[in-house]
Amino acid sequence: MTPRCEHCGDNVKKINQQVSVMRKEIKNLRQTLDGAVRAHRKHLMSLQTAMSKIDLTGHDKKDCTPSSPSLSAQDALEQGKIRMVPIGYISSCFSMKNGTPRQPTICGTSRAQLQIQQSVFNNPEHALVGLEQYSHVWIIFLFHKNGHLSYKAKVKPPRLNGQRVGVYSTRSPHRPNSLGLTLAKLDTIQGDTLHLSGIDMIAGTPVLDIKPYIPEYDSPHTRRVLDSQQHESNRDLPTVSENKETSSLNFDLDQDAQFKLEDSRNDKDEDEGLYLRGKSETCLSLTDSQTAGAQLFLPRETVSLLKEVESFVNKDETSPPDCKSKNRVSDNVKTEPPALIMDWPCYDEDSSTTIADWIREPLVSSLDVRFTPNAQKQLEEFLPAHLSEPSDCERPRFKFLRSPEEAAAAIRGVLSADPRSVYRRTRCRDRLFFFTLDTADITCWFGQGFAEVLQVRPAGSQ
Numbered sequence: 001m002t003p004r005c006e007h008c009g010d011n012v013k014k015i016n017q018q019v020s021v022m023r024k025e026i027k028n029l030r031q032t033l034d035g036a037v038r039a040h041r042k043h044l045m046s047l048q049t050a051m052s053k054i055d056l057t058g059h060d061k062k063d064c065t066p067s068s069p070s071l072s073a074q075d076a077l078e079q080g081k082i083r084m085v086p087i088g089y090i091s092s093c094f095s096m097k098n099g100t101p102r103q104p105t106i107c108g109t110s111r112a113q114l115q116i117q118q119s120v121f122n123n124p125e126h127a128l129v130g131l132e133q134y135s136h137v138w139i140i141f142l143f144h145k146n147g148h149l150s151y152k153a154k155v156k157p158p159r160l161n162g163q164r165v166g167v168y169s170t171r172s173p174h175r176p177n178s179l180g181l182t183l184a185k186l187d188t189i190q191g192d193t194l195h196l197s198g199i200d201m202i203a204g205t206p207v208l209d210i211k212p213y214i215p216e217y218d219s220p221h222t223r224r225v226l227d228s229q230q231h232e233s234n235r236d237l238p239t240v241s242e243n244k245e246t247s248s249l250n251f252d253l254d255q256d257a258q259f260k261l262e263d264s265r266n267d268k269d270e271d272e273g274l275y276l277r278g279k280s281e282t283c284l285s286l287t288d289s290q291t292a293g294a295q296l297f298l299p300r301e302t303v304s305l306l307k308e309v310e311s312f313v314n315k316d317e318t319s320p321p322d323c324k325s326k327n328r329v330s331d332n333v334k335t336e337p338p339a340l341i342m343d344w345p346c347y348d349e350d351s352s353t354t355i356a357d358w359i360r361e362p363l364v365s366s367l368d369v370r371f372t373p374n375a376q377k378q379l380e381e382f383l384p385a386h387l388s389e390p391s392d393c394e395r396p397r398f399k400f401l402r403s404p405e406e407a408a409a410a411i412r413g414v415l416s417a418d419p420r421s422v423y424r425r426t427r428c429r430d431r432l433f434f435f436t437l438d439t440a441d442i443t444c445w446f447g448q449g450f451a452e453v454l455q456v457r458p459a460g461s462q
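Residue numbers for the sequence shown follow UniProt numbering, beginning at 1 and rising by one.
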């Protein structure tokens, strides 16, 4: 029995060696294939560039068309050939992809800086004038660390724990154009530099554009609330009258409301339009702007409508007595005044936002984060950023984070969302996890429902 067992053991070792060799060969083949795909794309781009410079007759377009940079740029834009130049590059507390939050809300204490390039504007600080009035900004950037530029129609979001969905129903960085969008908090602006917090971008990220965040435009919930408030303020509209000199017209609406329209030849009043003035009772008169109290300007459409009503009633005044008796409105009949039609958009319940169920209830639950006593002690050794200390001080210092407590909150935010990929969750559960936060290298491991920080060392130290 013993010789046979030893012989079986030798066969198992040989098979394992062959399997490892096959895996290495497969890995090399994949790398070769990826390299060939990248080279093929470069050749295609060079061919497209060469073909775009030559017309159908084989002549160079530069020889046939006058040199006009503005015209060529316009033609390229109309043809969908877009060329973008970064306006700046992110300087962030995250130096690598590993450990960088997937969404800005995961780590609210993360900080970054964005300096506008002088190659874009001669005076970059002029482009930021007025932006300090906003608390948040949209950052449109490029995923420049995607590695190979391959993408698929279906992806596996980490929150779905391996299930596939369409790439356009996710915020995966592996997209056809590799564009990213994040909502960052604008802390302050100093010259040509924006100081941001609550970010999910790594250092060196190219930024393509900045836009202010405006809830009235960007949030359907805020627009719906504003719409309901505007309708509340205009629900019970009082009656309207227009003062004129030559003629007047009265409609008896009820005992407490009167709709009065008067003709006036005062050019100043005609230019100023119609106004509403509130009184103690519900009856309102349109008076001169100098004597009016709280007034509301009526649009031109309403003014023209009132004039049409006036001309129609004046026509009835000149009709024969028998026709007048038939067309005249009874004094006892109550008539509703014409409603003021406002031209703001209406956002009803149909405009409420809906999201996928796996966003609110992800298949991957949040983790409890804890520190070992040694890691907590090492973290407290770090000095906050912008803290004046003697130059000979050997304690490590943060570049962005303002305190060890802020760093601990950032670490908890990153680890509670489980930054591991699906592959590492399933195949590498017992391995240590490393990531860099600001100037600190973090070492941790994951257990069942928790993550524990084992070590916090200065970045680059052995």
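Glycine included, C-beta positions come from ideal geometry on N, C-alpha and C. These figures come from a predicted structure and were not determined experimentally.
Three-state secondary structure (DSSP) of P212: strand
Same chain, Cβ closer than 6 Å to T109, neighbours up to 5 away in sequence not counted: E406, A409, A410
Spatial distance of H437 from R402 (CA atoms): It is worth fixing the name first, because residue 437 is Leu in this sequence and not His. Approximately 13 Å, taken between the alpha carbons.
Close beta carbons around D441, own chain, < 6 Å, minus the five adjacent residues each side: R457, A459
Cut-off 8 Å between Cβ atoms - residues of its own chain near E380, not counting five sequence neighbours on either side: P404
For P419 and R427, the rounded distance between their alpha carbons: 15 Å
Nearest-angstrom Cα separation, counted from S366 out to D200: 18 Å
Nearest candidate by alpha-carbon position, reference R164, set V422, L114, R431, R429: V422
Among S150, N146, G147, V167, nearest to K156 - alpha-carbon criterion: V167
Run of the alpha helix (DSSP H) containing residue 463, from where it starts to where it stops: Shown here, the chain extends from 1 to 462; a query on residue 463 therefore has no answer.
Paired residues, beta bridge with Y151 - DSSP: Answer is none; Y151 lacks a bridge partner.
Endpoints, the beta strand (DSSP E) within which G447 is located: 440-447
Residues near F450 by beta carbon distance below 8 Å, same chain, minus five either side: L367, D368, V369, R370
Neighbourhood of K154 by C-beta, 8 Å cutoff - its chain only, sequence neighbours within 5 removed: R164, V165, G166, V167
Beta-carbon gap between L208 and W138 smaller than 8 Å: no
Cβ distance (whole Å) where G88 is taken to contact I116 below 8 Å: 5 Å
Same chain, Cβ closer than 7 Å to T291, five either side skipped, listed in chain order: Caution is warranted here: a pLDDT of 39 is assigned to T291, below 50, making its placement in the model unreliable, and no coordinate value can be reported.
Given L218 as reference, the closest of L183, G204, Q190 once Cα atoms are compared: According to the sequence provided, residue 218 is Asp. The question's Leu does not apply to it. For D218, the nearest C-alpha among the options comes from L183.
Residue of L160, Q190, K24 minimising C-alpha distance to A356: L160
7 Å Cβ shell around I202 - same chain, five flanking residues per side excluded: S92, F94, S95, M96, K97, T100, K145
K377 to L432 span [Cα, whole Å]: 20 Å
CA nearest to the CA of L363, picked from E394, G198, P158: P158
As assigned by DSSP and simplified to three states, the class of V207: strand
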